[in-house]
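Chemist: Dropping the structure in here first, questions after.
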Amino acid sequence: MAAGRRSPPGPCCPSRVAVPSVHQSLPEMDFERGIWSAARDGDEQRVLELLERRGEPSQPDLAGYTALHYASRNGHLGVCRLLLRHGARCNARTPGGATPLHRASYCGHLSVARLLLNHGADPTAADEDGRTSLHKAAEQGHRELCTLLLQHSPALAGISDAKGRRPRDVAHPAVEDLLDT
């Protein structure tokens, strides 16, 4: 991939390939220089430098996402460990109510989800649509992740979202059998 280009769209990245503009806004520049970009990119050394310099692992960006949200979404286990070791809040919420566990669950990052749960992430936390991490994992067909979440909190299978749908109702066919209650 050419230098300066972002990853192509995928199941966890709905945006088009973007070539950075020479006319970046100040918020864009702040993001690129901040801990959020380093966490998104899995740059452990840069994350550590920023933590040592600024010391706030749970500072949200202008959209309300923390570095742990970005690292969780992208499956950067080492960055997640580093952030949690420095006191990142594993239940931090975006304005839409998403937690790092929601992000890891949607994208199928089993090791990251396990780490977050071991650090006290709440699997029953619901976003503004009433969806839990199990809704997210089930929708995408992440079988091992669904199993992990159900082992951690069996009651998740019965939680309905804002439209009255349980995880089974939104599940990919590959995981429906796990969610039969």
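The sequence shown maps to residues 1 to 181 in full-length UniProt numbering.
For every residue, glycine included, the Cβ atom is placed at its ideal position computed from N, Cα and C.
Keep in mind it's a predicted model, so treat the numbers as computed, not measured.
Please list the segments of the alpha helix (DSSP H) lying wholly inside the region 57–90, counting only runs of 4 or more residues, in order along the chain.
Modeler: 67–73, 77–85
Chemist: For my contact list, A88 and S111 are in at a C-beta cut-off of 8 Å; report their separation, rounded to the angstrom.
Modeler: Locating residue 88 in the sequence shown gives position 88, where the first residue counts as 1. Locating residue 111 in the sequence shown gives position 111, where the first residue counts as 1. Going by Cβ atoms, the distance from A88 to S111 rounds to 16 Å, so no, they are not a contact pair.
Chemist: Round the Cβ separation of R143 and V170 to the nearest angstrom and send it over; I've been treating them as touching at under 8 Å.
Modeler: Indexing the sequence shown from 1 puts residue 143 at position 143. Indexing the sequence shown from 1 puts residue 170 at position 170. In this structure R143 does not touch V170 by the C-beta definition: roughly 15 Å separates them, more than the 8 Å allowed.
Chemist: How would you call T94, buried or exposed, if buried means at least 16 neighbouring beta carbons within 10 angstroms?
Modeler: If you number the sequence shown from 1, residue 94 lands on position 94. Label assigned to T94: buried.
Chemist: Taking the alpha helix (DSSP H) that D41 belongs to, which residues open and close that run?
Modeler: Within the sequence shown, numbered from 1, the residue matching residue 41 stands at position 41. 35–41 is the extent of the alpha helix (DSSP H) around D41.
Chemist: Does the Cβ of P27 have 16 or more other Cβ atoms within 10 Å, making it buried, or fewer, making it exposed?
Modeler: Looking up residue 27 in the sequence shown gives position 27. Note that P27 has pLDDT 47, beneath the 50 cutoff, so the model's placement of it is unreliable and no number is given.
Chemist: For residue 211, does the count of other Cβ atoms within 10 angstroms reach 16, so buried, or fall short, so exposed?
Modeler: In the structure as shown, the chain begins at 1 and stops at 181. Residue 211 is therefore absent and cannot be evaluated.
Chemist: Rounded to whole angstroms, how far is the Cβ of R46 from the Cβ of Y70, which I believe are closer than 8 Å?
Modeler: For the purposes of this step, residue 46 is taken as the residue at position 46 of the sequence shown. For the purposes of this step, residue 70 is taken as the residue at position 70 of the sequence shown. Between R46 and Y70, the beta carbon gap of about 12 Å keeps them out of contact (Cβ cut-off 8 Å).
Chemist: Nearest by alpha-carbon distance to G164: which of D177, D180, R131, E139 is it?
Modeler: Counting from one through the sequence shown, the residue named residue 164 turns up at place 164. The shortest C-alpha separation from G164 is found at R131.
Chemist: Tell me the rounded alpha-carbon separation between E52 and A38.
Modeler: Taking the first residue of the sequence shown as position 1, residue 52 is located at position 52. Taking the first residue of the sequence shown as position 1, residue 38 is located at position 38. Their Cα atoms are separated by approximately 14 Å.
Chemist: I believe P173 touches S153 by the beta-carbon criterion, under 8 Å. Please report the beta-carbon distance rounded to the nearest angstrom.
Modeler: Residue mapping note: residue 173 aligns to position 173 of the sequence shown, counting from 1. Residue mapping note: residue 153 aligns to position 153 of the sequence shown, counting from 1. Actually they do not touch by this definition, with Cβ atoms about 23 Å apart.
Chemist: Jot down the residue ranges of each uninterrupted alpha helix (DSSP H) in the region 101–134, minimum 4 residues, whole runs only, in chain order.
Modeler: If we require 4 residues or more, the alpha helix (DSSP H) runs fully inside the region 101–134 come out as 110–118.
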